[in-house]
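Residue numbers (this note's numbering), protein chains in the order written: chain A, 28 to 364; chain B, 767 to 1104.
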Ligand SMILES: [Zn+2]
């Protein structure tokens, strides 16, 4: 862990709070763990010292520069301590601190602990207090460059984009990330987020544009679940769903070329179930068996289950057809009589 | 397994200080882990009682004017000090319950056989109510924290365990869950967020505990959700599409499939093979992936993942409450007596 506190640390040598002249007036406050702590944490001397003073400060409600610095040391030892964060926010307000500096501090911490909930939350509060998102998108680009699937970073990004309406260049951004890694599901999710919130999903032309974007990506790696899921997500907003002509045609062509991606085959099964072509139903049964035995063996039981779904559909169709025939016959009987 | 060697004292030594603020949840992983291993009975009653006392010591009581908004359990006694011989929080304003700690505290008490008679139920429910947000989600604690599906789940568990849903606007909770249902039929941590195994568990378990699963999702959507979940199996389970598998998802996604009545579809052999490959041969316990150090969360969830497949010697686990079936049965008996 890097030593970032300038106060009290003498080069690399840590000076205990109890030995610091400027803390002489404060009596450290010991932690009371009770007679039987279930989880005993092996606190080291530094931790004990810092938190002895943290407790003292909390107890006396001290609002001071030195208390502010103390929170930094306490957070360095445990950045997940939400109480220290809450106290730090109180100090930031009451001491009227420069929030730009706090931003630098929190950016540094995120670099160090990119998956810590409390730090990301603190950053969100800072953006709210300053009512200024201008640093966010670049900062997040950096964070996502380090880890393109960091859930915290994506959550923060969506939040700031929604709150300050920063959708403008986001579609291009997702395109570049997807270009870097077609399998980045977070980037696909972000793309869906953008097209949904910019009204594109209520315009058939725009949906078609997105569908071709997805189909292009699928052609590059047909085993990529993210692209298939994105395309299916778009289809929710079309009139015909999985039976959308362009998609049906694409899948048939891909299948005819000998492709056996489980995502393609799953799509063909769903198309059969939704459609009304008995020939395709029969083919779907065949595909279920192939998936179970060969192309997606780990999910054999799932594809066996899908086979029963297809069979149920076939049976239901037959019953419906029979009913229709009976009705027709009855109608012609009436006529003949 | 190393778990067993800890069971005599009932204490679990945990090194990383970063776990300090959430010690109660670490205690839960350990206690529930011993329970799933069938080793809790090796701890004598006095020690169990002491553990319950420690947990009760973390309960935040209402202020004199009866305000319960801060109530629940806090995760640690880091800020507790001795005042005139009495353990006291050194600053009342900053001593607030935390939903994840309240849930894991109640769950631990149940596993230890405590009848929850010392829980200030009305106050805990007031604490839950104070944390619901405008969008229906829950924050973890007063004075500011993130709010998302994890705490929706904790709130649901608390209300279910205490059999009191008055602290929650259920319509709002349901709409938050509904809005987090993603285009790929999984759930995100909130609206628009990427589908994720852990939060999908939280969403589905919440719906199950509220008895609102089939009311909230159509038959077709449930089929989609089933497929999303079963697609997460690689050998073990991954948490998101195109991500690496990780032991904990054998629980999160496995439990989701259980609740969707679809667990039999899982490839047991592959799943078991993966979980066992993450077991630490020296210390026991499980890690998220092969060849890294085991930790309390993955050790516990690895066990639960195995238990779902009927692994010999392991207690059955209640998928929605994430406690043993035995503890869940005990809770249901308590409910009858309330
Ligand atoms: Zn994990």
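All C-beta atoms in this analysis are idealised placements derived from N, C-alpha and C, irrespective of residue type, glycine included.
Remember, it's a predicted structure, so these values are computed and weren't measured experimentally.
CA-to-CA distance, residue j to residue i, given in whole angstroms
| i | j | result |
| --- | --- | --- |
| residue 1103 of chain B | residue 147 of chain A | 44 Å |
| residue 199 of chain A | residue 973 of chain B | 37 Å |
| residue 1089 of chain B | residue 58 of chain A | 31 Å |
| residue 1094 of chain B | residue 81 of chain A | 40 Å |
| residue 269 of chain A | residue 343 of chain A | 20 Å |
| residue 273 of chain A | residue 837 of chain B | 57 Å |
| residue 353 of chain A | residue 310 of chain A | 28 Å |
| residue 347 of chain A | residue 302 of chain A | 14 Å |
| residue 308 of chain A | residue 315 of chain A | 11 Å |
| residue 232 of chain A | residue 246 of chain A | 21 Å |
| residue 277 of chain A | residue 299 of chain A | 15 Å |
| residue 916 of chain B | residue 339 of chain A | 38 Å |
| residue 234 of chain A | residue 218 of chain A | 12 Å |
| residue 157 of chain A | residue 996 of chain B | 44 Å |
| residue 742 of chain B | residue 212 of chain A | No answer is possible for residue 742 of chain B: the residues shown for chain B start at 767 and end at 1104. |
| residue 226 of chain A | residue 913 of chain B | 27 Å |
| residue 844 of chain B | residue 1061 of chain B | 22 Å |
| residue 195 of chain A | residue 166 of chain A | 17 Å |
| residue 66 of chain A | residue 1027 of chain B | 36 Å |
| residue 984 of chain B | residue 261 of chain A | 19 Å |
| residue 940 of chain B | residue 949 of chain B | 18 Å |
| residue 143 of chain A | residue 70 of chain A | 21 Å |
| residue 7 of chain A | residue 953 of chain B | This structure gives no information on residue 7 of chain A, because the portion of chain A shown stretches from 28 to 364. |
Burial state of residue i, where buried means 16 or more other Cβ atoms lie within 10 Å
| i | result |
| --- | --- |
| residue 1022 of chain B | buried |
| residue 898 of chain B | buried |
| residue 115 of chain A | buried |
| residue 1048 of chain B | exposed |
| residue 188 of chain A | buried |
| residue 25 of chain A | For residue 25 of chain A there is no data in the structure shown, the boundaries of chain A being 28 and 364. |
Delimiting residues of the alpha helix (DSSP H) encompassing residue i
| i | result |
| --- | --- |
| residue 246 of chain A | 231–247 |
| residue 276 of chain A | 272–283 |
| residue 852 of chain B | Not the alpha helix (DSSP H): residue 852 of chain B falls in the beta strand (DSSP E), residues 852–855. |
| residue 136 of chain A | 126–139 |
| residue 945 of chain B | 936–945 |
| residue 79 of chain A | 72–87 |
| residue 326 of chain A | Neither: residue 326 of chain A is in no alpha helix (DSSP H) and is coded neither H nor E. |
| residue 887 of chain B | 887–897 |
| residue 1062 of chain B | 1062–1074 |
| residue 1039 of chain B | 1034–1043 |
| residue 305 of chain A | 305–317 |
| residue 802 of chain B | 789–802 |
Residues near residue i by beta carbon distance below 7 Å, same chain, minus five either side
| i | result |
| --- | --- |
| residue 318 of chain A | 289, 292 and 330 |
| residue 957 of chain B | 945 and 946 |
| residue 321 of chain A | none |
| residue 933 of chain B | 891, 892, 894, 895 and 925 |
Distance CB(residue i)-CB(residue j) smaller than 8 Å
| i | j | result |
| --- | --- | --- |
| residue 802 of chain B | residue 1069 of chain B | yes |
| residue 928 of chain B | residue 904 of chain B | no |
| residue 154 of chain A | residue 163 of chain A | yes |
| residue 999 of chain B | residue 1055 of chain B | no |
| residue 960 of chain B | residue 216 of chain A | yes |
| residue 1087 of chain B | residue 873 of chain B | yes |
| residue 1006 of chain B | residue 962 of chain B | yes |
| residue 241 of chain A | residue 258 of chain A | yes |
| residue 75 of chain A | residue 56 of chain A | no |
| residue 804 of chain B | residue 1076 of chain B | no |
| residue 185 of chain A | residue 220 of chain A | yes |
| residue 788 of chain B | residue 868 of chain B | no |
| residue 84 of chain A | residue 72 of chain A | no |
| residue 1016 of chain B | residue 991 of chain B | no |
| residue 902 of chain B | residue 942 of chain B | yes |
Cβ-based neighbour list, residue i, same chain, cut-off 6 Å, excluding 5 preceding and 5 following
| i | result |
| --- | --- |
| residue 244 of chain A | 209 and 254 |
| residue 880 of chain B | 818 |
| residue 50 of chain A | 44 |
| residue 256 of chain A | none |
| residue 1036 of chain B | 1001 |
| residue 779 of chain B | With a pLDDT of only 38 at residue 779 of chain B, under 50, the local geometry of the prediction cannot be trusted, and the value read off the model is given with reservation. Here the set comprises nothing. |
Enclosing beta strand (DSSP E) for residue i [first to last residue]
| i | result |
| --- | --- |
| residue 187 of chain A | Unbroken run through residue 187 of chain A is the alpha helix (DSSP H), 178–191; no beta strand (DSSP E). |
| residue 849 of chain B | 846–849 |
Sequence-distant residues of its chain with Cβ nearer than 8 Å to residue i (five each side left out)
| i | result |
| --- | --- |
| residue 1024 of chain B | 1074 and 1085 |
| residue 955 of chain B | 914, 915, 916, 946, 962 and 965 |
| residue 174 of chain A | 141 and 180 |
Residue i Cβ short of 7 Å to ligand 2 heavy atom set
| i | result |
| --- | --- |
| residue 1046 of chain B | Here the bound small molecules are ligand 1; ligand 2 is not part of this structure. |
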